[in-house]
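Chemist: Once you know that position 123 of the sequence shown is 125 in our numbering, the rest is easy, because the numbers rise by one and skip nothing. Sharing a structure with you now.
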Amino acid sequence: MPIWFQCKIRYQKELDNGSLKTINEAYLVDAMSFTEAEARLHQELSGTHREFDLVNVSRMRLADLFHYDDAETWFKCKVTYVTVDERNGQEKKVNNVMLVSAANAKQAYERIEESLKTMLVPFDITDINTSNILEIFPYAKDEVAVPANFRPVSEVQP
């Protein structure tokens, strides 16, 4: 299960008239720790941003993330459903936050609804808000670097 960190950066951009403008951007990084999130963000942005300050790294609790290639805007959606508490038998309201890429709020609603249609319990989509996240950097399997001195367990003699 991914652990998502929202990273906010700040940098100076020179405008056409020569003046400097401060730009703030937010990114979402899948990492195991705050340190790894910072390192991965610097690695991912090193090609596009020469100099920037990382001003905030915070954990973002997401139940799910739905990426579609045809949209660049990310919407933060709150999905609510009711479950029964096994200990005392009472109904309990559960809130989940999900991100979905879509062109507008209506399309975000439709995509969340389509993605969750196989859910066995009825759910409500209570909030849909535009997110300030520009890009998401998921953890890719080929990024895992195995040190040269590691061997498979099957080759290790007890």
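C-beta: ideal position from N, C-alpha, C; glycine also. Owing to the predicted nature of the structure, the values given are computational and were not obtained by experimental measurement.
If you draw a straight line from the alpha carbon of R63 to that of M100, how long is it in whole angstroms?
Modeler: In the sequence shown, counting from the first residue as 1, residue 63 sits at position 61. In the sequence shown, counting from the first residue as 1, residue 100 sits at position 98. About 9 Å.
Chemist: With DSSP collapsed to three states, give me the class of A28.
Modeler: Along the sequence shown, one-based indexing puts residue 28 at 26. Strand.
Chemist: Output needed for I114: all residues of its chain with C-beta closer than 6 Å, excluding positions within five of it in sequence on either side, in chain order.
Modeler: Here residue 114 is taken as the residue at index 112 of the sequence shown, counted from 1. Closer than 6 Å at Cβ, skipping near neighbours: C79, V102, I127.
Chemist: What did DSSP end up calling I11 once you bin it into helix, strand or coil?
Modeler: To locate residue 11, count along the sequence shown from 1; it is residue 9. I11: strand per DSSP, three-state reduction.
Chemist: Report the CB separation of A73 from A104 in whole angstroms; it is logged as a contact under 8 Å.
Modeler: As a first step, residue 73 must be located in the sequence shown, where it is residue number 71. As a first step, residue 104 must be located in the sequence shown, where it is residue number 102. Correct: roughly 5 Å between the Cβ atoms.
Chemist: Exposed or buried, what is A142 when buried is set at 16 or more other beta-carbons lying within 10 Å of its beta-carbon?
Modeler: Counting from 1 along the sequence shown, the entry for residue 142 is found at position 140. Classified as exposed, A142 has fewer than 16 neighbouring CB atoms from the shown chains inside 10 Å of its CB.
Chemist: Could you check what DSSP says for L122 in three-state terms: helix, strand or coil?
Modeler: Translated into positions along the sequence shown, residue 122 becomes position 120. Correct three-state label for L122: coil.
Chemist: Under the three-state reduction of DSSP, which class applies to E115: helix, strand or coil?
Modeler: Reading the sequence shown from its first residue, position 113 is the one you call residue 115. DSSP places E115 in helix when its eight states are reduced to three.
Chemist: Within its chain, find whatever has a CB closer than 6 Å to the CB of V123; leave out the 5 residues flanking it on each side and keep chain order.
Modeler: On the sequence shown, residue 123 is found 121 positions in, with the first residue counted as 1. Same-chain partners within the cutoff: Y83.
Chemist: Helix, strand or coil, according to DSSP, for T37 in the structure here?
Modeler: Position 35 of the sequence shown, counted from the start, is the residue given in the question as residue 37. Note: T37 maps to helix in three-state DSSP.
Chemist: Leaving out five residues on either side along the sequence, give the residues of the same chain with a beta carbon under 6 Å from the beta carbon of I138.
Modeler: Residue mapping note: residue 138 aligns to position 136 of the sequence shown, counting from 1. Excluding residues within five positions, the ones whose Cβ falls inside 6 Å are L30.
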